[in-house]
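So for the sequence shown, numbering that gives the first Met the number 0 puts the first residue at 0; every next one is plus one.
Here a beta-carbon is modelled for each residue, glycine too, at the ideal position from N, C-alpha and C.
Model, not experiment: these values are computed from the prediction.
Working notes, beginning with the structure itself.
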Amino acid sequence: MGRLIIVSNRVPSPRERLQPAGGLTVGLKDALRGGSSLWFGWSGNQSECEGDPVAGIDEVDGVTYATIDLTARQHEGFYQNFSNGILWPLFHYRVGLMSYSRRDWQTYLEVNAMFARCLRPLLRPDDVIWVHDYHLFPLGQALRDLGVTGRIGFFLHIPVPPWSLVRSMPGAELLLEDMQAYDLIGVQTEEDADNLNHAFRVNGLTERAGAFPIGIDPHEFREQAEAGVRREEAERLRASLRGAALILGVDRLDYSKGLPERFRGYEAFMARYPEHRGKVTFLQVAPVSRGDVEEYQQLRRQLDELTGRINGAYAEFDWTPIRYLTRPVARDILAGFYRMADVALITPLRDGMNLVAKEYVAAQDAADPGVLVLSHFAGAAPEMDEAVLVNPYDADEIADALHQALTMGLEERQRRWTRLDEDVRRTTAGFWARDFLHALDEAAPVATP
C-alpha cells in the first residue's frame, strides 16, 4: 500500500501534532505511525488572496502536514453557514434549526472543489486517501473529476438520520450521488449504516456504508487518569467537595449534548431524592463553541438560568448543588476528574459516538469504579449496555438513574465496569483505523473512466 492521505476540514494544530488530544488525532495516531503519510486540510486561518491557495507544508514525526487558508467568504458560506448551519443540525435530527441558502450550498461545493485542486498535485498514483466528516461529503467526486483513480474512503463521525429527514435538505440527492465516488463509507453504528444504505437504495445507488465504531487509547488514558488524580487541581477539587459524591459531565456547549435536559434531570433528582442534598455535587464542564451563533448564545443563557434556579432552590450556605464551567479544562486535568467522579452523566440527544463515555470507563479504579449514566442516543450506547441507560428527554428517568448510581453497591459497580472496560479495550482507536483501512483495501473499487 502507498502513502496514507488523511483529509479533514481542520488539520491538528502544531501542539496536537506532538500531543494528540482530539478524537480524530488520537484515532489516527497509530495509522499515521505505520508508514509514510500526509494530512491535508484547512489551516484555521483566513486570507483574502484570489485564486487557489498554495498549501503550506510542515513535517512532524514523519507525518507531512499540508494546509490551505480560506477566504472570509468561503469560511462563512462553507464552514459556518452550510457545514454547521445545515449539515450539523440536520444530521443531529434538528431539522428545524436548518437555515438553507442556495448561495451557501454553492460555496460548500466550490470549497470542496478547491480542496481537490489543491490536494491533487500532492498525490501519487498508489496513495490511499481517507476523507473525514460532513464538511467534505463531495470531495471524493471532486477528486475523481480530476482523474484520481486510487482508493478513496470516507468516514462520517456524526450520526446519520433516516432518509425521510435527510431529504428535507435541498440537494440531498446530489450529495448521495457524490458519495458514490468513495470505495467505502464508514459510520459509527449499525443504525447509521442502515440509514445511509437505505438512502442509497431508495435513490437507486450502490450501498457503500459499514459500521466502524471509533475508540480511544485506553491504556494511555488510564495512565493520564492515574497521574491526573494526583495533580494539584484534583486535590483542590477533592478538598472542595468535603466528602460529597461527585457527578461529572463533560461536553462542548452544543444543543446536541442535551444539557438543558440534563440539568432538568438533576433538578428532578434534587426534588425527588432529598436525602442526597448536601451530599452530592454536579460539576458540568461545557466549553463554549460557536459562541457567535445565536442558537448557541440562547443555549448558554438557558443553562445560566437553569443553574441559577437550581442553586437558588436547593443550595445551602455551605453547599452548592451545581458547579458549571464554560471554559475548557486541560485533558490531563480532566482525566484525573474522571477517575475521581462517582458518576459520569452523559446524556446527548444525539451523538456520533461520544468518546467521553469511553474515557470515563478507562479512567476508573478497578477496586472502586464509578458508574456511567449514558443516553440511549449516544453512539456508544449499543457497545456499552452495562451503563445505566436513560432517555435524556425524561427528567424523572435521569433522576432515578442518578439515585441508582449513587446507591449502587461495590459488587455491582465492579461487575458493570468490568464489562464496560472489556468493551472499551476491544474497540480501540488503533483497531478502528486498522479495521477501516483493511476493509477499504478489500472493498470493490469504484468504476472510474
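- [ ] Give the straight-line distance between the Cα atoms of residue 406 and residue 169, rounded to the nearest whole angstrom.
- [x] Here residue 406 refers to the residue found at position 407 of the sequence shown. Here residue 169 refers to the residue found at position 170 of the sequence shown. C-alpha separation (whole angstroms): 50 angstroms.
Open item on the list: As an exercise, report each continuous alpha helix (DSSP H) stretch of at least 4 residues that is fully enclosed by the region 95-126, in chain order.
Closed with: 101-118, all fully within the region 95-126.
TODO: Consult DSSP for residue 136 and reduce its assignment to one of helix, strand or coil.
DONE: Walking along the sequence shown from the start, residue 136 turns up at place 137. Coil.
TODO: Would you kindly work out how many angstroms separate the C-alpha atoms of residue 127 and residue 242, rounded to a whole number?
DONE: Mapped onto the sequence shown, residue 127 falls at position 128. Mapped onto the sequence shown, residue 242 falls at position 243. Between residue 127 and residue 242, the C-alpha separation is close to 54 angstroms.
Task: Cutoff 7 angstroms; reference residue 368; Cβ partners in own chain excluding five residues on either side - done: As a first step, residue 368 must be located in the sequence shown, where it is residue number 369. Sequence-distant partners of residue 368 (beyond 5 residues in either direction) whose C-beta falls short of 7 angstroms from its own C-beta, in its chain, are 412, 413, 416.
Task: residue 12 in three-state terms, based on DSSP - done: As a position in the sequence shown, residue 12 is number 13, starting the count at 1. Residue state for residue 12 is assigned as coil, using DSSP reduced to three classes.
Open item on the list: DSSP three-state label for residue 363, please.
Closed with: Within the sequence shown, numbered from 1, the residue matching residue 363 stands at position 364. DSSP places residue 363 in coil when its eight states are reduced to three.
Task: Top-ranked residue by Cα proximity to residue 109, from 135, 199, 93 - done: By 1-based counting over the sequence shown, the position of residue 109 is 110. Nearest of 135, 199, 93 to residue 109, Cα basis: 135.
Task: Classification of residue 120 by the beta-carbon crowding that lies within 10 angstroms, buried from 16 upward - done: Numbered from 1 along the sequence shown, position 121 holds the residue referred to as residue 120. Residue 120 is exposed by the Cβ-count criterion.
Open item on the list: Here's the rule I'm using: 16 or more other beta-carbon atoms within 10 Å means buried, otherwise exposed. How should residue 307 be labelled?
Closed with: What you label residue 307 is simply residue 308 of the sequence shown in a count that begins at 1. With fewer than 16 other Cβ atoms within 10 Å, it is exposed.
Open item on the list: My assumption, with CB atoms under 8 angstroms, is that residue 254 sits in contact with residue 195. Please give the rounded CB distance.
Closed with: Here residue 254 corresponds to residue number 255 of the sequence shown, with the count starting at 1. Here residue 195 corresponds to residue number 196 of the sequence shown, with the count starting at 1. With a Cβ gap of about 23 angstroms, residue 254 and residue 195 do not count as contacting.
- [ ] Mind the definition here: the region 309-316 touches the region 333-341 only if three or more C-beta pairs lie below 8 angstroms; say whether that holds.
- [x] These segments do not touch.
TODO: Would you identify the three-state DSSP class for residue 179, choosing helix, strand or coil?
DONE: Locating residue 179 in the sequence shown gives position 180, where the first residue counts as 1. Per DSSP, reduced to three states, the secondary structure at residue 179 is coil, with no helix or strand assignment.
Task: C-beta contact flag for residue 408 and residue 187 at 7 angstroms - done: Here residue 408 corresponds to residue number 409 of the sequence shown, with the count starting at 1. Here residue 187 corresponds to residue number 188 of the sequence shown, with the count starting at 1. No, the pair does not count as a contact, with Cβ atoms beyond the cut-off.
Open item on the list: Check whether the region 387-399 and the region 325-332 are in contact - that is, three or more C-beta pairs closer than 8 angstroms.
Closed with: No: the two stretches stay apart, fewer than three of their Cβ pairs being nearer than 8 angstroms.
Open item on the list: Quick check: what's the CA-CA separation for residue 8 versus residue 225?
Closed with: Within the sequence shown, residue 8 is the residue found at index 9, counting from 1. Within the sequence shown, residue 225 is the residue found at index 226, counting from 1. For residue 8 and residue 225, the gap between their C-alpha atoms comes out near 33 angstroms.
Open item on the list: Helix, strand or coil for residue 420? Go by DSSP, reduced to three states.
Closed with: The residue labelled residue 420 in the question sits at position 421 within the sequence shown. For residue 420, the three-state secondary structure derived from DSSP is helix.
TODO: May I have the straight-line CA-CA distance separating residue 115 from residue 145, to the nearest angstrom?
DONE: Numbered from its first residue, the sequence shown carries residue 115 at position 116. Numbered from its first residue, the sequence shown carries residue 145 at position 146. When the Cα atoms are used, residue 115 and residue 145 turn out to be separated by approximately 8 angstroms.
Open item on the list: Here's a check: name, in chain order, each residue in its chain whose Cβ is nearer than 8 angstroms to the Cβ of residue 322, leaving out the five neighbours to either side.
Closed with: As a first step, residue 322 must be located in the sequence shown, where it is residue number 323. 280, 281, 282, 283, listed in sequence order.
- [ ] Could you check what DSSP says for residue 211 in three-state terms: helix, strand or coil?
- [x] Residue numbering aside, residue 211 sits at position 212 when the sequence shown is read from its first letter. Of the three classes helix, strand and coil, the one that applies to residue 211 here is coil, per DSSP.
- [ ] Give the C-beta separation of residue 218 and residue 157 to the nearest angstrom, bearing in mind that I take them to be a contact with Cβ-Cβ under 8 angstroms.
- [x] If you number the sequence shown from 1, residue 218 lands on position 219. If you number the sequence shown from 1, residue 157 lands on position 158. The pair is not a contact, with the Cβ atoms about 27 angstroms apart (cut-off 8 angstroms).
- [ ] Measure how close the beta-carbons of residue 205 and residue 199 come, nearest whole angstrom, since I'm counting them as under 8 angstroms.
- [x] For this step, residue 205 is matched to residue 206 along the sequence shown. For this step, residue 199 is matched to residue 200 along the sequence shown. The C-beta distance from residue 205 to residue 199 rounds to 6 angstroms, short enough to meet the 8 angstroms contact threshold.
Task: With 16 other Cβ atoms within 10 Å as the buried cut-off, status of residue 344 - done: Here residue 344 corresponds to residue number 345 of the sequence shown, with the count starting at 1. Under this definition residue 344 is a buried residue.
Task: residue 360 to residue 222 span [Cα, whole Å] - done: As a working mapping, residue 360 is identified with position 361 in the sequence shown. As a working mapping, residue 222 is identified with position 223 in the sequence shown. Whole-angstrom Cα-Cα distance: 13 angstroms.
Open item on the list: Let me check understanding here. Comparing Cα to Cα, which of 190, 213, 106, 67 lies closest to residue 85?
Closed with: Here the question's residue 85 lines up with position 86 in the sequence shown. Closest by alpha carbon: 106.
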